[in-house]
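Mapping to my numbering: the sequence shown position 224 is 226, numbers consecutive.
Where a beta carbon is used, it is the ideal one built from N, C-alpha and C, also for glycine.
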Amino acid sequence: MSYLKILTATALFAANAMALSAQTEEAGNSFVHQHEANGYIAPEDPTVLRKLDEWKDLKFGVLFHWGLYSVPGICESWPICSEDWITRPAGFTYESYKKWYWDLSKMFNPYNFNPEQWADIMQDAGMKYMVFTTKHHDGFCMFDSKYTDFSIAKATPFAGNPKSDVARFVFDAFRKKDFWIGCYFSKPDWHSQWFWNDYYGCSGRGRNYKLDTDEHRQWWENYRTFCKNQLMELTENYGRFDILWLDGGWVKAEDVYLEEVLQKARAGKHPGLISVDRAMKTKWENYQTPERSIPDVQLNYPWESCITLSHAWGWDPSAKFKSPAKVVGILAEICAKGGCLLLGVGPTPDGLIQPEVEAVLRPVGAWLRKNGKAIYSTRTTEVYTNDEKSVWFTAAKDGKTLYAIVPQSDDAPMPATISWKGNTPKGKMTWLETGKTVKYTTAGDVTTVTLPKGANGKNGVALQFTIQ
Ligand code: GLC
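Set out below in structure tokens:
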């Protein structure tokens, strides 16, 4: 590449990243699935139920977005969708932009690809499960699919590399560390001619033709079979999965023969496989997935908030990251409300987790090693916060041992005291991190705790006590 070409490409990447990261920050973005606190349908299969209950103990996982969009560091897939909330850099027509996007495959060369490094960092961060994008809406496969050549294993300079079937190596690295494994798969595929056919213009996220002729009905049948085949490939050839995380709610479970896929998978290699057909409120959505948000209130059915560590799902050169204290605070609030946290991290285009991510996550792990009793394997307790929402309560499975987590705010020192109503302690209260006794007084149903010296700067304090 000539110097001028590199410059132009870099400027373009930057413009792209800016336009799209600004968008993802906006509230009410049309691709964010908002949470609705109803419609949950519990599965009937006892193996799935048992697995869901075990999953509830894990609390903390990572969601990797890695794909073509990681090359320039732009928003995942969405820039090639023709909807009016999407902006692209000036100077492109829709078609020229799409061509530029597809051609990113020619530059995708993760020569430093090191999934063991990913797994090492996430394990040290205290995470217990992972979800990886095998295929996002753009249709670019991060696994070696025999049903398309549009994949990292076939269409990139990385194609001849022994690790070019990257999903396999990512899953294996995490299995070695006893993580639960989640397979993200987008039901929509914008690269498939049977979904977005080039004969027609692009009209949005859905299939771009009507089912009004025999030919079109055949295209759609081809599409459905293509998705089913890819799901079968993944569930048959990539080892054990615990979670099948399906995105793109505008294509339905029935469209991709999900029932059949699940039946085979659960009867075969993946007993109790948790199906997350997100935002659909069907029997295939075994847990719900509020996105970039935490539900307002405690919910007593299985759920997980997926939240980005920066503002973006994928790698973004301009990313600013949440602090370790912020992550601890989010995790505490989610656990108190009965959910799990799936934290979004974008590996770099060359195949690593960047030092800035590591710098946030390792201290979170250090906090969890000392205070993890207040998080892992906990269940909810009725009074789960105070009026100020400055403390979050979780309960051990005995229901009598409670934990009070006081997160550190990014902007202020820890308060000297903290008060709450209800959850009145009986006997000794200890600071989990040190085992030292903590002073408190009670007046009626109000408890006031004097936070221990040294509580400041610890990313949050977790206290243990028994209730009356
Ligand atoms: C949204 C976005 C999608 C992203 C997902 C992650 O559904 O549309 O791009 O992968 O959130 O939760």
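* Asked: Under the criterion of a Cβ to heavy atom distance below 6 angstroms, does TRP317 qualify as lining the ligand GLC?
  -> As a working note, residue 317 is residue 315 in the sequence shown. Checking every heavy atom of the ligand GLC against the Cβ of TRP317, none is found closer than 6 angstroms.
* Asked: Quick one: is the Cβ of ASP249 within less than 6 angstroms of any heavy atom of the ligand GLC?
  -> As a working note, residue 249 is residue 247 in the sequence shown. Answer for ASP249: yes, Cβ within range of the ligand GLC.
* Asked: What span of residues does the alpha helix (DSSP H) with ILE336 cover, start to end?
  -> As a working note, residue 336 is residue 334 in the sequence shown. 326-338 is the span of the alpha helix (DSSP H), which, as asked, contains ILE336.
* Using a threshold of 6 angstroms, is the CB atom of CYS308 nearer than that to any non-hydrogen atom of the ligand GLC? -> On the sequence shown, residue 308 is found 306 positions in, with the first residue counted as 1. Yes, the ligand GLC has a heavy atom inside 6 angstroms of this Cβ.
* Asked: Which term fits SER320, buried or exposed, when burial requires 16 or more other beta carbons within 10 angstroms of its beta carbon?
  -> Sequence index remark: in the sequence shown, residue 320 carries index 318 (1-based). Burial call: exposed.
* Return yes when the Cβ of ASP279 is within less than 7 angstroms of the Cβ of LEU248, no when it is not. => As a first step, residue 248 must be located in the sequence shown, where it is residue number 246. As a first step, residue 279 must be located in the sequence shown, where it is residue number 277. For LEU248 and ASP279, yes; Cβs fall inside 7 angstroms.
* By Cβ distance below 7 angstroms, which residues in the same chain neighbour VAL50 in space, the five residues on each side in sequence not counted? -> Against the sequence shown, residue 50 aligns to sequence position 48. Contacts found: GLY274, ILE276 and ASN288.
* List the DSSP bridge partners of LEU248. => Position 246 of the sequence shown holds residue 248. PHE187 and ASP279.
* To do: Please state if the CB of PHE395 and the CB of THR380 are separated by a distance shorter than 7 angstroms.
  => Taking the sequence shown and counting its residues from 1, one reaches residue 380 at position 378. Taking the sequence shown and counting its residues from 1, one reaches residue 395 at position 393. No, Cβ-Cβ distance for THR380 and PHE395 is not below 7 angstroms.
* To do: Please indicate yes or no: does the CB of GLU85 lie closer than 6 angstroms to some heavy atom of the ligand GLC?
  => For the purposes of this step, residue 85 is taken as residue 83 along the sequence shown, with counting starting at 1. Answer for GLU85: no, Cβ out of range of the ligand GLC.
* Where does GLY63 fall in DSSP's three states? -> In the sequence shown, counting from the first residue as 1, residue 63 sits at position 61. Correct three-state label for GLY63: strand.
* To which residues of the same chain is ASN2 closer than 7 angstroms at the C-beta, ignoring the five residues directly before and after it? -> With the chain covering 3 to 470 only, the question about residue 2 has no answer from this structure.
* To do: On the DSSP bridge assignment, give the partners of THR135 in chain order.
  => As a first step, residue 135 is located in the sequence shown; it is residue number 133 there, counting from the start. Paired residue(s): TYR186.
* Within 10 angstroms of the Cβ of TYR202, are there 16 or more other Cβ atoms? Answer buried if so, exposed if not. => Position 200 of the sequence shown, counted from the start, is the residue given in the question as residue 202. When all chains shown are included, TYR202 counts as exposed.
* Close beta carbons around LYS212, own chain, < 8 angstroms, minus the five adjacent residues each side -> Within the sequence shown, residue 212 is the residue found at index 210, counting from 1. Hits under 8 angstroms: HIS218.
* Would you mind working out which of ALA376, ARG242 and ASP140 sits nearest PHE197, comparing C-alpha positions? => Translated into positions along the sequence shown, residue 197 becomes position 195. When only C-alpha atoms are compared, the closest one is ASP140.
* Asked: Would a check of beta-carbon distances place ASN224 closer than 7 angstroms to chain E?
  -> In the structure shown, chain E cannot be found, because there is only a single protein chain.
* To do: Count the CB pairs spanning the region 418-425 and the region 443-462 that are closer than 8 angstroms, and state whether there are at least three.
  => They touch, by the three-pair rule.
* Who are the Cβ neighbours of GLY462 in its own chain at under 8 angstroms, not counting the five residues just before and after it? -> As a first step, residue 462 is located in the sequence shown; it is residue number 460 there, counting from the start. Cβ within range, chain order: ALA327, VAL330, GLY331, ALA334, TRP369, ASN373, ILE407, VAL408, PRO409 and GLN410.
* To do: To the nearest angstrom, report how far apart ALA42 and LYS339 are at their CA atoms.
  => As a working mapping, residue 42 is identified with position 40 in the sequence shown. As a working mapping, residue 339 is identified with position 337 in the sequence shown. Just to set this straight, residue 42 is Tyr in the shown sequence, not Ala. Straight across, the Cα-Cα distance linking TYR42 with LYS339 is about 16 angstroms.
* **TRP196 (DSSP reduced to helix, strand or coil)** => Taking the sequence shown and counting its residues from 1, the one referred to as residue 196 is at position 194. Here TRP196 sits in coil by DSSP.
* Please list, in chain order, all residues of the same chain as LEU264 whose beta carbon is under 6 angstroms from its beta carbon, the five residues on each side excluded. => Here the question's residue 264 lines up with position 262 in the sequence shown. Cβ neighbours of LEU264 beyond the five flanking positions: SER277.
* To do: Provide the residue span of the beta strand (DSSP E) that contains ILE76, from first to last.
  => Counting from 1 along the sequence shown, the entry for residue 76 is found at position 74. Run containing ILE76: none; DSSP gives neither H nor E here.
* With a CB to CB cut of under 8 angstroms and the five nearest residues on each side skipped, what residues in its chain are close to ASN458? -> On the sequence shown, residue 458 is found 456 positions in, with the first residue counted as 1. Around ASN458: GLN410, PRO415 and MET416.
* Please work out which residues of its chain come closer than 8 angstroms, Cβ to Cβ, to ALA397, disregarding the five sequence neighbours upstream and downstream, and give them in chain order. => Here residue 397 corresponds to residue number 395 of the sequence shown, with the count starting at 1. Excluding residues within five positions, the ones whose Cβ falls inside 8 angstroms are THR380, ARG381, THR382, THR383, THR403, LEU404 and TYR405.
* To do: Can you give me the Cβ contacts of ARG242 inside the same chain, cut-off strictly under 8 angstroms, excluding the 5 residues immediately before and after it?
  => Sequence index remark: in the sequence shown, residue 242 carries index 240 (1-based). Cβ within range, chain order: ARG177, ILE183, LYS271 and HIS272.
* Residues of its chain near TYR103, where Cβ-Cβ distance is below 6 angstroms and the 5 sequence neighbours each way are ignored -> As a working note, residue 103 is residue 101 in the sequence shown. Within the same chain, TYR103 has close Cβ partners ILE82.
* CYS308: first and last residue of the uninterrupted beta strand (DSSP E) it sits in -> The residue given as residue 308 occupies position 306 in the sequence shown. Start and end: 306-310.
* Asked: Does DSSP put PHE173 in a helix, a strand or coil?
  -> Residue 173 sits at position 171 when you count from the first residue of the sequence shown. Looking at PHE173 - three-state DSSP - the assignment turns out to be helix.
* Asked: Taking just the CA atoms, how far does LYS430 sit from ASN413?
  -> Taking the first residue of the sequence shown as position 1, residue 413 is located at position 411. Taking the first residue of the sequence shown as position 1, residue 430 is located at position 428. It is Asp, not Asn, that sits at residue 413 in the sequence shown. Distance between the alpha carbons of ASP413 and LYS430: 31 angstroms.
* **CB contact flag (LEU60, LYS130, <7 angstroms)** => Residue mapping note: residue 60 aligns to position 58 of the sequence shown, counting from 1. Residue mapping note: residue 130 aligns to position 128 of the sequence shown, counting from 1. For LEU60 and LYS130, yes; Cβs fall inside 7 angstroms.
* Asked: Does the separation of the CB atoms of THR439 and GLN466 fall below 7 angstroms?
  -> The residue you call residue 439 lines up with position 437 of the sequence shown. The residue you call residue 466 lines up with position 464 of the sequence shown. Not closer than 7 angstroms, so no.
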